[in-house]
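Structure first, commentary second.
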Amino acid sequence: MLWLAQLLTGLVIAGWSLLLVAWLVLLWGILPHIEQWRGQVEVRASQVLGVPVRIGSIQVRSRGWIPSIELHDVVLLDQQSRAALELPRVVAALSARSVLALELRFEQLLIEGAHLEVRRDAQGRLFVAGIELSGPGGDGAAANWLFRQYEFAIRGGSLRWTDEQRNAPALALTDVQITLRNSLRHHDMRIDATPPPEW
């Protein structure tokens, strides 16, 4: 029993040491050079989201053990190569849970000045930032990833809703503020927006 306890203790220490080394490699070896890999980041983001992604620049700011990544001029294109989502500034605080989950996760994802296009086509399919959320082509991968992040916030954004099914005039909302907090058992969301003056 003593030998088994020593073996298990050794395995736990080795596992935690490996995670610590992986986190340090990420902090000191990968993130400081992330601008060099902007092209690969764009390709990977495009594959994950299922729409073309363009990134103007990437910077890393480190405050101790929790680094934050700042992206500028991020654009998601829809199927017609129109800008469906424009993000002037995105700040993402990386979560240590990324190492445990082997998946990119954030403690906070803050987007400032976003311009979002939401569209329902004539067949009733819903597209948010060019990503289909319902219908035969929508697998929900982007939504699943979003709901695994601890906090997501949009400040000072705008939203344009186009309903091709009803053939209604487009609705533009300004000063959009969205806060989404996720935990293991529930999701909390708050949305504030200013409608057009004629409303």
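Just so we're aligned, residue 32 is where the sequence shown starts under our numbering, counting upward by one.
For each residue, glycine too, the CB sits at the ideal point set by N, CA and C.
For ASP219, which residues of its own chain have a beta-carbon under 6 Å away from its beta-carbon, when the five flanking residues on both sides are left out?
ARG212
Tell me whether GLN37 is buried or exposed, calling it buried when 16 or more other Cβ atoms sit within 10 Å of its Cβ.
Around the beta carbon of GLN37, fewer than 16 other beta carbons sit within 10 angstroms, so the residue counts as exposed.
Secondary structure of GLY168, DSSP reduced to three states
Bear in mind that a pLDDT of 49 at GLY168, under 50, signals an unreliable position, so the model cannot answer this.
Given this structure, state the Cα-to-Cα distance separating GLU148 from ALA115, to the nearest angstrom.
5 Å
Nearest residue (CA-CA) to LEU118, options GLN71, GLY187, THR225:
GLY187
Cβ-Cβ distance between LEU140 and GLN180 below 8 Å:
Less than 8 Å separates the beta-carbon of LEU140 from that of GLN180.
With a cut-off of 8 Å on the beta carbons, I'd call VAL82 and LEU107 a contact; round off their distance for me.
5 Å
Nearest to ARG216 (by Cα), restricted to the options THR193, GLU66, ALA203, PHE178:
When only C-alpha atoms are compared, the closest one is PHE178.
If you check the beta carbons only, do GLY161 and GLN196 fall under 8 Å apart?
No, the Cβ-Cβ distance between GLY161 and GLN196 is not below 8 Å.
Give me the Cα-Cα distance between ALA201 and SER112, rounded to the nearest whole angstrom.
19 Å
Please go through the stretch 160-229 and give each complete beta strand (DSSP E) segment of 3 or more residues, from N-terminal end onward.
182-194, 202-213, 218-225
Should VAL207 and ALA224 be called a contact, given that it needs their Cβ atoms to be closer than 8 Å?
Yes; because the gap between Cβ atoms is below 8 Å, this pair is in contact.
THR40 by DSSP, collapsed to three states: which one?
helix
PRO228: buried (16+ other C-beta within 10 angstroms of its C-beta) or exposed?
A residue is called buried when at least 16 other Cβ atoms come within 10 angstroms of its Cβ; PRO228 does not meet this threshold and is exposed.
Assuming VAL91 and ILE97 form a contact by the criterion Cβ under 8 Å, report the distance between their Cβ atoms to the nearest whole angstrom.
Rounded, the Cβ-Cβ distance is 12 Å, inconsistent with contact.
Per DSSP, LEU318 forms a beta bridge with which residues?
Outside the shown range of the chain (32 to 230) lies residue 318, about which nothing can therefore be said.
Please state the DSSP three-state secondary structure of LEU135.
coil
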